[in-house]
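Heads up, the thing below is written out as structure tokens.
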Ligand code: TXA
Ligand code: MG
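Numbering (my numbering), first residue to last: 62 to 387.
Shown next, in the form of structure tokens:
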């Protein structure tokens, strides 16, 4: 595979340059612990418009603002309940996005015209170093959706970002290579505008962890699905989809790709794409395995879904949507 001109290793110089590049209104794709994000200065309307163009994403879908510390959260949000402070204290930096009433800083071009905004402190040394450098230069926050074309599988490596977006980036833009993402599915999104936390998108911060931290029972995605259908693009019925057709929990046939826990054997003639040892590894390896299916030109992929709670809920949520196609 050819090395993209956009990709750079994360030396101190490269990070400083990336922060400056962002402040000048260009785009920088960067690693987080969940998936790679396509970053833009969250106060720059033109830069944010380019994020939408580059992704091919409808402009009324809101973006998450990434911050280097919860201390600067108050610039972006209002009306923070006690339970959200507990969540931020316990799980930031981490795979969790909190939704609050927006401050005046969060303009319509970030929130898709809604009166709420999502904020997140990611748990990745490169993301945090970039956010800190950006903050030191006077920046306020980096808006970043997953660095894929709209509706596709999120990228978990710099190579995957390059494959998705190189054709749409400009020479001033950059992709920071911070290795493979460790969580592998997107952050848990929690609406903190009501009396109880509401999970809008399941992820690495699980229901149990939310209960543990807040002492409150979070509302589940199924209970809010109807209302949030338009607001959370990641909750669209069809999303996170590879070009190959995805089938769930059926016996794989000859010529089909197969993703399942290592304990499941591969039938003869079936192409094994991943054999994770547990649900954590399943989440980490899933998107790369779906990309591999497309690279190999496979037409169909069978996935045996992991059972149980925790991050398995997020995996099944993404697979359900991937199986609906693009
Ligand atoms: O793990 C992640 O969250 C990654 C990394 C890069 O941080 N980002 C990510 O962004 O997955 P994106 O844009 O691909 O998905 C964010 C989801 C979208 O479905 C968006 O609609 C929803 O968050 N969202 C953002 N702001 C929101 C808001 N104010 N209310 C409801 N949903 C919101
Ligand atoms: Mg996305």
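Each residue gets a CB set at the ideal place from its N, CA and C atoms; glycine is no exception. These numbers were taken from a predicted model, which means no experiment stands behind them.
For residue i: DSSP bridge partner residues
i	result
residue 139	162
residue 343	The partner list for residue 343 (beta bridge, DSSP) is empty, contrary to what the question assumes.
residue 91	98
residue 70	238
residue 280	259
residue 126	180 and 204
residue 157	249
Any non-hydrogen atom of the ligand MG closer than 7 Å to residue i Cβ
i	result
residue 247	yes
residue 206	yes
residue 232	no
residue 215	yes
Proximity test, residue i beta-carbon vs the ligand TXA heavy atom, cut-off 7 Å
i	result
residue 313	no
residue 178	yes
residue 181	yes
residue 185	no
residue 125	yes
residue 368	no
residue 220	no
residue 156	yes
residue 172	yes
residue 380	no
residue 175	yes
residue 280	no
residue 307	no
residue 122	yes
residue 212	no
residue 78	no
residue 141	no
residue 49	The chain is shown only over 62 to 387; residue 49 falls outside these bounds and no answer can be derived.
residue 267	no
residue 243	no
residue 165	no
residue 106	no
residue 115	no
residue 203	no
Residue i and residue j closer than 8 Å at C-beta
i	j	result
residue 305	residue 234	no
residue 92	residue 245	no
residue 309	residue 367	no
residue 162	residue 138	yes
residue 152	residue 275	no
residue 363	residue 319	yes
residue 80	residue 204	no
residue 124	residue 251	no
residue 97	residue 207	yes
residue 351	residue 303	yes
residue 99	residue 90	yes
residue 200	residue 84	yes
residue 226	residue 340	no
residue 384	residue 307	yes
residue 236	residue 67	yes
residue 173	residue 160	no
residue 231	residue 338	no
residue 217	residue 157	no
residue 271	residue 258	yes
residue 247	residue 72	no
residue 76	residue 190	yes
residue 65	residue 223	yes
residue 142	residue 253	yes
residue 267	residue 370	yes
residue 345	residue 243	yes
Residue i: CB within 7 Å of a non-hydrogen atom of the ligand ADP
i	result
residue 227	Absent from the structure shown: the ligand ADP. Ligands present: the ligand TXA and the ligand MG.
Neighbour flag for residue i against chain B, beta carbons, 8 Å
i	result
residue 278	The chain labelled as chain B is not found in the depicted structure, where only one protein chain is given.
| message | For a minimum of 4 consecutive residues, which ranges assigned as the alpha helix (DSSP H) are wholly contained in the segment 174-223? | response | You should have 186-197.
| query | Quick one: complete alpha helix (DSSP H) runs, 4+ long, within the segment 293-372? | reply | Listed in chain order, the complete alpha helix (DSSP H) runs (minimum 4 residues) inside the segment 293-372 are 340-356.
| query | Just checking, does the segment 179-190 make contact with the segment 110-129 on the three C-beta pairs under 8 Å criterion? | reply | The segment 179-190 is in contact with the segment 110-129.
| query | Do the segment 370-377 and the segment 256-267 meet, that is, are 3 or more Cβ pairs less than 8 Å apart? | reply | Yes, since at least three Cβ pairs between the segment 370-377 and the segment 256-267 fall closer than 8 Å, the two stretches touch.
| said: For a minimum of 4 consecutive residues, which ranges assigned as the alpha helix (DSSP H) are wholly contained in the segment 239-277? | reply: If one requires a minimum length of 4 residues, the alpha helix (DSSP H) runs lying completely within the segment 239-277 are 268-275, in chain order.
| query | Are there three or more Cβ pairs, one per stretch, closer than 8 Å when the segment 191-205 is compared with the segment 329-345? | reply | Counting C-beta pairs closer than 8 Å gives fewer than three between the segment 191-205 and the segment 329-345, which falls short of the contact rule.
| field | Given 8 Å, three or more beta-carbon pairs between the segment 204-217 and the segment 106-124 | value | Per the Cβ contact rule, the segment 204-217 is in contact with the segment 106-124 (3 or more Cβ pairs under 8 Å).
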